[in-house]
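Contents: one structure, followed by commentary.
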Amino acid sequence: MSKIEEYILSHMDPEPEVLRKIDRDAHVNLLQGIMTSGHLQGRFLKMLTQMIRPKRVLEIGTFVGYSALCFAEGLEEDAELYTVEINDELEDRIRHNFSLSEYGNKITLYIGDALDILPQFADESFDLAFIDAGKESYWDYFEATLHKTVKGGYILVDNTLWYGKVMEEVKSNDRATLSIMEFNSKLADDDRVEKVILPLRDGLTLIRKK
Ligand SMILES: C[S@@+](CC[C@H](N)C(=O)[O-])C[C@H]1O[C@@H](n2cnc3c(N)ncnc32)[C@H](O)[C@@H]1O
334 MSKIEEYILS HMDPEPEVLR KIDRDAHVNL LQGIMTSGHL QGRFLKMLTQ MIRPKRVLEI
394 GTFVGYSALC FAEGLEEDAE LYTVEINDEL EDRIRHNFSL SEYGNKITLY IGDALDILPQ
454 FADESFDLAF IDAGKESYWD YFEATLHKTV KGGYILVDNT LWYGKVMEEV KSNDRATLSI
514 MEFNSKLADD DRVEKVILPL RDGLTLIRKK
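Encoded structure:
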């Protein structure tokens, strides 16, 4: 961790104990434990949820449920979160993690490919969405999510700076980087939405549907 990150984390809200445990478990027991949103982004997602006050939130890419629990923590009493995860081997761990938190009961988990599951939801039914799944399909997730987002609703997209690779020369077989570059370019020209890229962690794009 860099000195600036250390400084930031020691001068903001601490990471809740239950999330610290979930993060640690993912890092110790799963190959790609670093995929959790983590302390800084997690607290940001919670605060953004409190600011937007959504009734329904959609998340694509649950992993171990870290970010889902951050959104859930920021939700008001009658609000809820739907989260979609393609890897069924994670299901037991996700459900267990939700059971550890007092906010887990605000979350409904769907196991499957978000591109198959999203069409089952009613149109324009989410006030806030978080796209954080397979990088090769970013534009498809975005189109599918935009249809399900209310006018004036928000979509957050994670990893849009992709370790800075989006600004470098890219190999023709690096599909993830090419896909994120294409996503960023198309989004920049998309008049249906307003957008801001925050250089938070690995790049977080905030999008508002007009
Ligand atoms: C970066 S991780 C999510 C991290 C989590 N949102 C967090 O911040 O704690 C990405 C997850 O997306 C899942 N995923 C990939 N493609 C997907 C798809 N088409 N539909 C649903 N989930 C998908 C992966 O299995 C992985 O668990």
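Here this note's numbering is used: the first residue of the sequence shown is 334, the next is one more, and so on.
Every residue, glycine too, gets a C-beta built ideally from N, C-alpha and C.
The three-state secondary structure of T382, taken from DSSP, is helix. Check the Cα spacing between S512 and each of V490, W472, T538: the tightest is with W472.
Rounded to the nearest whole angstrom, the CA to CA distance from A477 to D535 is 23 Å. For D473, the uninterrupted alpha helix (DSSP H) segment begins and ends at 471 to 480. At least one heavy atom of ligand 1 sits closer than 7 Å to the Cβ of A447. For R508 and T493, the gap between their C-alpha atoms comes out near 14 Å. A contact is defined here as three or more CB-CB pairs under 8 Å, and the segment 401 to 418 meets this definition with respect to the segment 438 to 449. Remark: the C-beta of F396 is in contact range of ligand 1, defined as less than 7 Å to any heavy atom. Taking the Cα of M345 as reference, the smallest distance to any Cα among I488, I355, Q374 is reached at Q374. V361 counts as exposed, since fewer than 16 other beta carbons sit within 10 angstroms of its beta carbon.
Set against 7 Å, the gap from the CB of A466 to the closest heavy atom of ligand 1 is smaller. Under the criterion of beta carbons closer than 8 Å, K528 and L537 do not qualify as touching, at roughly 11 Å. Boundaries cannot be given for V397, as no alpha helix (DSSP H) includes it and DSSP labels it neither H nor E. Annotated as distal: G407 and M368, with beta-carbon spacing of 8 Å or more. DSSP places K468 within a helical segment (H, G or I) once states are collapsed to three.
Every unbroken stretch of the alpha helix (DSSP H) spanning 4 or more residues and falling wholly within the segment 484 to 521 is given here in chain order: 508 to 521.
L378 places its beta carbon less than 8 Å from that of S370. By the neighbour-count criterion, in which 16 or more other beta carbons inside 10 Å mark a residue as buried, A466 falls on the buried side.
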